[in-house]
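> In this note's numbering, the protein residues as written are 113 to 243. Quick reminder that beta carbons are idealized off the backbone N, C-alpha and C, glycines included. What follows is a structure written as structure tokens; I'll ask about it next.
Below you can see the structure in the form of structure tokens.
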């Protein structure tokens with residue numbers, strides 16, 4: 113199952129690849145331990161917001177920018193859900209409620225639905241992969 117930690121790891125590893133910086137260099141620039149950065153690179157755990165902000169700054173991104181990327185992915189997933197539920201009354205209501213939730217609550221709800229359905233939801237890396 114791909115989760116937010118995996119998405120963060122994918123983003124981090126792409127940034128690391130394009131800069132050519134080592135985990136230790138990034139950690140030094142961010143002012144965090146190399147172990148913390150390695151956990152991010154491996155998609156392990158949930159880093160604190162201050163850590164995410166520090167690592168984001170290394171790559172020229174604010175915490176707001178990083179959250180916007182996560183929100184963009186949730187909007188793409190929401191559009192895919194809209195396509196599947198069509199014009200049903202329940203489907204429209206579900207989408208309205210979903211849009212009003214915080215990003216953490218949306219992710220929790222999606223993960224709960226996965227567990228209840230016994231299968232993983234489709235994952236979208238970016239807007240280019242829409243139906």
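Excluding the 5 residues flanking residue 241 on each side, which residues of the same chain have their C-beta closer than 6 angstroms to its C-beta?
A caution first: residue 241 carries a pLDDT of 42, below 50, which makes its placement in the model unreliable, though a value can still be read off. Same-chain partners within the cutoff: there are none.
> Let me confirm a value: residue 164 is counted as buried when at least 16 other C-beta atoms fall within 10 Å, else exposed. Which label applies?
Answer is buried; the Cβ neighbour count reaches 16.
> Where does residue 215 sit, in a helix, a strand or coil, going by DSSP?
Residue state, collapsed to three classes: helix.
> Starting from the Cα of residue 176, find the closest Cα among 140, 230, 153 and 215 and give me that residue.
Among 140, 230, 153 and 215, the Cα nearest to that of residue 176 belongs to 215.
> Hey, how far is the Cα of residue 224 from the Cα of residue 217?
Taking the straight line joining both Cα atoms gives about 10 angstroms.
> Of the choices 119, 222, 221 and 137, whose alpha-carbon is the least far from that of residue 159?
Cα-wise, what sits closest to residue 159 is 119.
> Looking only at its own chain, which residues have a Cβ that is under 7 angstroms from the Cβ of residue 121, when we skip the five neighbours before and after it?
Excluding residues within five positions, the ones whose Cβ falls inside 7 angstroms are 152, 153, 154 and 155.
> Counting only the same chain and skipping the five closest in sequence on each side, list residues whose C-beta sits under 8 angstroms from that of residue 229.
Cβ within range, chain order: n/a, list empty.
> With residue 135 as the anchor, note down where its alpha helix (DSSP H) starts and where it stops.
That run of the alpha helix (DSSP H) goes 135-142.
> When you compare only the Cα positions, how much space is there between residue 145 and residue 125?
Going from the Cα of residue 145 to the Cα of residue 125 covers about 17 angstroms.
> What are the boundary residues of the alpha helix (DSSP H) that residue 231 is part of?
Premise fails: residue 231 is in no alpha helix (DSSP H) and is neither H nor E.
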